[in-house]
Structure formats: C-alpha cells, structure tokens
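Numbering (the numbering used here), first residue to last: 41 to 485.
Where a beta carbon is used, it is the ideal one built from N, C-alpha and C, also for glycine.
All remarks here apply to the structure that follows.
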Amino acid sequence: MAAREVFSSRFGFVMAAAGSAIGLGNVWGFPTSAAGNGGAAFVVAYFILAFCLAYPVLMVELTVGRYSQSGIVGALRKVSPSGAKPLGVMVAAYGVTVASLILAFYGIVAGWMIAYFFEAVAQLLNQPAWAEWLTSFGITRNIIFMLAFMLLTMWIVAGGVTAGIERWSSRLMPVLFLILVALISYVLTLPGAMEGLKVYLIPDFSKLSSELILDAMGQAFFSLSLGVGTMLIYGSYIAKKENLPSLGVTVTLVDTGVAFIAGLLILPTIYVAKEMGTQVFNDAGTLIAGPDLIFQVLPSLFESMGTMGMFVAFAFFLLMSIASLTSSISMLEVPVSMALEEFKWSRFTATLVCAAVITLCSLTIVFNFEVLFGFVIDLTTKYSQPILGLLFCIFAAWLWNRQQLIEALKEGCPDLEKGLFIKIWPVYIKFVVPLLIILIIYQQL
Ligand code: PHE
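Okay, here's the thing in structure tokens:
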C-alpha cells in the first residue's frame with residue numbers, strides 16, 4: 041500500500057488548516073452575528089469560547105488524527121476499546137453526515153459569492169443585463185453557481201493532499217489576507233466607518249444572554265471546523281516531528297485573528313452604507329443581518345461608490361469566494377478519505393461519488409429553500425458540531441487509553457512533560473469541556 045501522504049511542511053499544514061478554518065464563518069458569519077448581537081459583547085464571548093472550548097477540542101482532533109493515521113471512521117474505531125468500536129463507527133458516521141450537509145448548504149452560499157463576483161466583472165464590462173441576472177435570486181442561477189463551486193472543490197480534492205489541498209491553500213490564503221487588508225484600509229477612510237468601529241469594539245454587556253452564548257459557541261466550533269472530522273483528518277496528515285499543541289495554538293490564533301480582522305471590515309462597511317443612505321436597519325430597528333446584509337446592503341453600498349465601488353465589489357467577492365473554497369475542500373476531504381480507507385476506492389472515484397451525493401443534497405435544499413436552508417444550518421452548526429465535539433472528548437478522555445493519549449501528544453514535543461498543557465488538558469477535556477457544552481445547550485432548550 042502506498043505510504044500515507046503528509047503535509048510537506050509546517051507552513052503547508054498551517055495554510056491548509058487555516059484555509060479550512062477561515063471561511064464564510066469568519067468573513068460573513070462572525071461579523072454579522074457580532075453586528076446583530078450587541079457588537080463587542082458577542083466578540084468577547086466568542087473569543088473566550090474559542091480558546092476555552094474550541095481549542096481543547098481542536099487538540100483532541102489533531103491528536104486522535106495523527107495517532108490513528110486515518111480519517112474519522114478509522115480513528116474513532118482505533119481509539120475505542122473493543123466493545124465500543126461500533127459506537128465509534130456510529131459517531132463517525134454522524135460526523136461524516138454533518139460534514140456533508142455543511143458542504144451542501146455552504147456550496148449554495150459560496151455559489152452566490154461567485155455569482156456576485158461575476159456581477160462585478162459584468163459591471164466593469166458594462167453589461168447591465170448580465171449583472172441583473174447574476175444578482176437576482178433564482179433557482180437556475182443558484183444551481184449553476186452551486187455546481188460551478190462544487191466542480192472547483194472536486195477538482196482540488198481530486199488532486200490529493202499535497203498537490204491539491206496544500207498547494208491551493210498555500211497559494212490562496214496569502215491572497216485572501218492581502219485583499220482583506222487592502223479593503224479595510226480603504227473602507228476605514230470613508231465617512232461613517234468610525235461609528236461602525238465603535239459598535240464593534242465597545243461591548244454592550246446588557247446584550248449577553250443564553251442565546252448569545254449558544255450562538256457564540258456554535259460560531260466558535262463552526263469557525264474552527266470542529267466536530268466533523270476535518271481537523272482530525274488534517275491532523276492525520278501532520279508529520280510525527282511536529283509539535284501539536286503549538287500548531288493548534290497557531291491555527292486558533294490565525295482563525296480568530298482573521299475573524300476579528302474581518303469584523304474590522306464588515307462593521308465599518310455597514311455604517312458607511314448607512315451614512316450613504318442605504319437602509320441598514322429593518323423596520324423593527326434591528327440591523328439587517330444574514331444573507332440580506334451581504335447580498336443587499338453591501339452591493340447597494342458598492343453601487344453608490346461609482347467606479348471605485350466596482351473594484352471594491354470585485355475584490356470583496358473574490359475574497360469571499362477564496363475563503364469558501366479553501367474551506368469546502370476540507371469538508372469534502374472528510375467523506376472522500378472515508379471512502380478511500382473504508383471502501384478502498386481510488387481518490388478520483390471517491391471524490392466523484394461523494395461530491396455527486398452532496399450535490400444532490402444541495403439540489404434538495406435549493407428546491408426547498410424556505411423550509412430547508414435555515415433548518416440545515418441550525419441543525420448542523422448550532423447543535424451537531426458542539427455535540428460531536430463533546431463526543432470526541434468522550435472518546436479521547438474516557439474511552440481511549442490515557443497513556444496512549446499522552447504518548448501520541450508527546451511525539452514531536454519531547455518536553456511536553458515539563459509544561460502546563462499536559463497537566464491541565466487531559467482533565468479539562470474529560471470533565472470541563474463536556475460539562476460546559478451540555479450546560480450551554482441545556483440553557484438554551
Ligand atoms: N470553518 C469554516 C468557516 O468558517 C467552515 C467549516 C466547517 C469548514 C466545518 C470545515 C468543516 O467557514
């Protein structure tokens with residue numbers, strides 16, 4: 041059997057993992073949730089949960105992945121004691137299903153980003169009729185761009201770990217960062233931007249509620265791509281010589297950092313739009329959030345900015361498309377790696393079949409949009425991801441042999457025994473993380 045592929049460098053892994061983590065969740069979900077939830081109060085809750093809950097779970101996935109050298113099914117089977125192996129396989133199947141359903145709705149939203157990107161191109165080419173079609177919500181448009189996005193995702197995943205995922209993440213992530221910084225530098229010079237910054241950075245703690253905390257937790261898990269085996273499978277491609285706790289911190293810092301920076305773009309942009317006369321609050325006086333914000337408020341702002349607006353729109357939707365693509369490849373890798381390992385398919389066949397099944401799910405959502413879109417998002421991101429994170433902790437801390445867990449962590453990190461991490465983390469994921477997750481979900485129910 042061919043040797044398992046590994047990321048060729050530390051940089052390659054960080055780019056791939058950050059590419060997975062940084063996506064619509066950061067550049068769209070986080071800023072708009074912050075905007076609709078008392079600004080900085082949400083930001084603070086998100087940061088606390090990202091480091092205190094999501095990071096420990098990320099470490100579980102990376103450690104279990106690298107130890108087992110396999111995808112989610114093989115991994116959970118391997119760390120389960122003999123009686124619990126069927127349970128491991130069931131939880132893994134739940135994870136693969138959630139990863140696939142996330143890709144099913146993500147592909148639709150990412151398709152809109154590509155459509156809006158082409159709209160900016162059409163404007164630049166002075167083709168108003170195309171532009172109009174590209175931005176009108178319609179089943180045909182939704183299907184065409186979802187399919188285009190799925191094809192791109194498939195093409196990269198079919199290339200394999202280093203030649204596909206790592207190569208494209210390493211190329212695209214620096215571009216993403218540059219576009220983000222350029223856009224912020226421009227937007228902050230416009231009138232109204234400072235008001236947006238204030239809302240974003242000065243917390244209103246009266247907005248804190250159990251709902252806000254549940255949202256912030258879902259956001260933290262979604263943003264770090266947790267619970268669905270993505271980070272586990274990326275962990276399985278990390279070389280044994282790498283230091284896992286420090287890689288985990290790097291990924292968490294980059295991910296939350298970019299979310300924070302994206303907020304510096306989105307919130308000021310909303311208030312610039314307000315200043316320019318665009319409606320940004322609905323009749324009830326709350327901020328227009330969700331899809332309407334990105335696909336109505338921002339485009340009408342870009343329009344009011346004249347020619348410059350066309351370039352800004354172009355850069356903005358290119359940023360969104362890139363962010364989506366480096367995430368979607370990591371979602372597709374979950375079922376693909378399962379098919380490679382469990383059914384011994386070739387990478388090409390596995391990619392084709394998995395993408396086809398997920399595309400069918402996407403089509404089902406497109407045709408029943410009103411009923412399914414929001415439902416699938418809540419089911420997968422708000423509830424399933426944290427619950428799966430909790431289950432992973434149970435496997436790693438309760439079912440797996442503690443000595444093996446420590447040994448697996450120690451590889452690439454011989455000084456581990458001297459540090460604090462090893463004293464706290466195993467106990468922390470055994471008791472604190474599961475309890476907190478249960479508490480937050482229970483509070484909300
Ligand atoms: N982290 C990605 C984002 O923020 C979403 C994602 C979820 C990616 C689950 C992979 C797995 O957009």
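- Annotation: the region 225-274 contains the following complete segments of the alpha helix (DSSP H) (minimum length 4 residues), in chain order: 233-241 and 250-263.
- When secondary structure is reduced to three states using DSSP, F321 falls in the strand class.
- When R181, T137, I369 and L333 are compared, the shortest CA-CA separation from V67 is found for L333.
- Look at L165 here: in three-state DSSP terms it is coil, with no helix or strand label.
- Under the rule that a run must span 4 or more residues, the alpha helix (DSSP H) segments found entirely inside the region 410-449 read 425-434.
- The beta carbon of A299 sits closer than 7 Å to those of N66, F70 and S263, all from its chain and outside the five residues before and after it, given in chain order.
- Relative to A90, the option among E235, D323 and D295 whose CA is nearest is D295.
- Along the region 83-139, the alpha helix (DSSP H) occurs as fully enclosed runs of 4 or more residues at 95-108 and 112-119, listed in sequence order.
- Rounded to whole angstroms, the Cβ separation of L254 and I481 is 7 Å, and the two are in contact under 8 Å.
- When the Cα atoms are used, I148 and M234 turn out to be separated by approximately 33 Å.
- Taking non-hydrogen atoms of the ligand PHE into account, the C-beta of T366 is found less than 7 Å away from none of them.
- Just so you know, the alpha carbons of A437 and I278 end up roughly 21 Å apart.
- Within 10 angstroms of the beta-carbon of F471 lie fewer than 16 other beta-carbons, which makes it exposed.
- In this structure, F262 has its CB closer than 7 Å to one or more heavy atoms of the ligand PHE.
- Using a C-beta cut-off of 8 Å, the region 269-284 makes contact with the region 100-115, since at least three inter-stretch Cβ pairs fall below that distance.
- The closest heavy atom of the ligand PHE lies less than 7 Å from the beta carbon of S60.
- Contact annotation, E101 with M271: C-beta distance approximately 4 Å; criterion of less than 8 Å satisfied.
- Judged by pairs of C-beta atoms under 8 Å, the region 303-322 does not touch the region 160-175, as fewer than three such pairs exist.
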